[in-house]
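In full-length UniProt numbering, the protein residues as written are 1 to 231.
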């Protein structure tokens, strides 16, 4: 079943593949485009540098009108991250906009690692140390950075966690495309959107001269048979 939320997530995924932001990655979990696994690498010149922090992003059918639920599953020590991994970030709450996509969400969280906001604390100990004893704060962050490496080692030893550990593995991306993307592309063939055209001629014919549009489609259908026969 395709819905506006699922079609939007397909576009988000395509953008992440074509124009990936530095230091973040994400992909839908196998067979469920509404649940994503993501990784944020600790920003350079911060206490989080060299860390590999995993997150989950859970969407509802109200996306993009409402934000997803984002949570660190790697251990985190940060003024704006709760003990359960939930994140206190304005764009995930009262300042959400439908213009934000997965790429914007991940880069905003990455920026939060770089510039914490101790005046809106989710972790009071981290906020207090950040303000008053920066060296102690950095020591605690260094410990969770090291734990993030250990998490990777544990996953290497545990075949049951292989998919999570290899979120950017091409095989996983192939599975995503096969299981999730193709049905959505099929839906797009069934229900074109001429108001957001990639082919202006096709959109114009679809809106104004449906018979001519269908003739041109029939030609490429016949060409597809010839191509299959050659293969």
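Quick reminder that beta carbons are idealized off the backbone N, C-alpha and C, glycines included.
Beta-carbon proximity list for residue 48, same chain, < 7 Å, skipping 5 on both sides
42, 113, 141 and 145
Pull up the distance between the alpha-carbon of residue 104 and that of residue 26, whole angstroms please.
12 Å
Would you give the residue range spanned by the alpha helix (DSSP H) that residue 105 belongs to?
102-114
With a threshold of 6 Å on Cβ separation, who are the neighbours of residue 4 within its own chain once the five nearest residues in sequence on each side are excluded?
none
Which residue wins for smallest C-alpha separation from residue 80, given the options 44, 125, 195 and 55?
125
Does residue 66 come out as helix, strand or coil in the three-state DSSP assignment?
In the structure shown, residue 66 falls within a coil segment according to DSSP collapsed to helix, strand and coil.
Could you spell out where the alpha helix (DSSP H) holding residue 233 opens and where it closes?
As shown, the chain starts at 1 and ends at 231. That puts residue 233 outside it, with no answer to give.
Give the secondary structure of residue 58 by DSSP, where H, G and I count as helix, E and B as strand, and everything else as coil.
In this structure, residue 58 counts as strand in the three-state DSSP scheme.
Residue 144 by DSSP, collapsed to three states: which one?
helix
Where residue 232 falls: helix, strand or coil (DSSP)
Any answer about residue 232 is impossible in this case: the structure gives the chain only from 1 up to 231.
Would you say residue 129 reaches chain D, if we count a Cβ-Cβ gap shorter than 7 Å as a contact?
In the structure shown, chain D does not exist; there is a single protein chain.
Is the separation between the beta-carbon of residue 74 and that of residue 54 shorter than 7 Å?
yes
Hey, is the segment 81-93 in contact with the segment 120-140, meaning 3+ C-beta pairs nearer than 8 Å?
Output reads yes: the segment 120-140 touches the segment 81-93.
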